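Residue numbers (the numbering used here): 778 to 1058.
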């Protein structure tokens, strides 16, 4: 990450992870992280794994951009080196995995990188980790993010690709509803004069964590109506944040690996003290 982009991350902004966290995961968890600035109680190992996988995949894309096709073993070794480096830089005591689980994850990651190295056939790479900062009309903060990789197809069209790891295949409709494609296609349209989102494709390239990893492409499309809806959505979220409307989502499948479990157990006590002091006592 370059210094300029790091500075952008240090000022108030919206990102896919932030918006997705508020809408689809848990708005109270979002508040603990972004508003109340609580220290995470744990580090979900899947977050670490996903970060390392993206870095190793970006290395493969960089090699392709230079017309270099690394051997599978080389790509797998790059993943292992990055995985071990990430562990050294992490608070291991907070990791939600023991040594045996970490060894299994490393082995699975090597398999998945081998799968990507073999199955991803495109080599016309024009950008890797394409960073952006744009404004949406009616919103108070910029939207920032990074497109994992951008390639050109045979018709000279730009394909925006985001790599995902998943425990299984995606439901067919997931890509059509996912917020990330909307955010990134909107941003790229603002940055590239000759790029019209509705004429192009965003693609999720998913590598599964199954016994035999699979590489599956999920193309999806967006149009102006999607961008108008996006602007309205963010405006509503900003009103909720201003009024501190944060609710726990105790049925979310992220709940079991939440980084703020203890804070969540007692949040209602503090709220009740303000509203119902006698009951809270």
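Note that the Cβ used here is the ideal one computed from N, Cα and C, for glycine as well.
Just so it is clear, the structure is predicted and the values come from calculations on it, not from any experiment.
Query                                                                                                           : Result
Reduced DSSP secondary structure (H/G/I, E/B, other) of residue 790                                             : coil
Terminal residues of the beta strand (DSSP E) in which residue 1066 lies                                        : A question about residue 1066 goes unanswered here, because the residues of the chain that appear run from 778 up to 1058.
Cα-Cα separation, residue 795 to residue 976                                                                    : 28 Å
Start-end ranges of the alpha helix (DSSP H) lying completely within the stretch 958-1037, minimum 4 residues   : 1001-1019
Those runs of the alpha helix (DSSP H) which lie wholly inside the stretch 793-877 and span at least 4 residues : 793-797, 804-811, 822-842 and 849-865
Unbroken beta strand (DSSP E) run spanning residue 918, endpoints                                               : Premise fails: residue 918 is in no beta strand (DSSP E) and is neither H nor E.
Residue 883, DSSP secondary structure in three states                                                           : helix
Alpha-carbon to alpha-carbon, residue 1020 and residue 893                                                      : 45 Å
CB contact flag (residue 939, residue 992, <8 Å)                                                                : no
Bridge partners - residue 939, DSSP secondary structure assignment                                              : 981
Assumed close pair residue 859, residue 833 - CB separation to whole angstroms, cut-off 8 Å                     : 6 Å
The stretch 846-865 touching the stretch 881-893, judged by at least three CB pairs closer than 8 Å             : yes
Endpoints, alpha helix (DSSP H) assigned at residue 953                                                         : 951-954
Exposure of residue 813, with buried meaning 16 or more beta-carbon neighbours within 10 Å                      : exposed
As assigned by DSSP and simplified to three states, the class of residue 929                                    : strand
Coil, strand or helix - residue 1043 by DSSP                                                                    : helix
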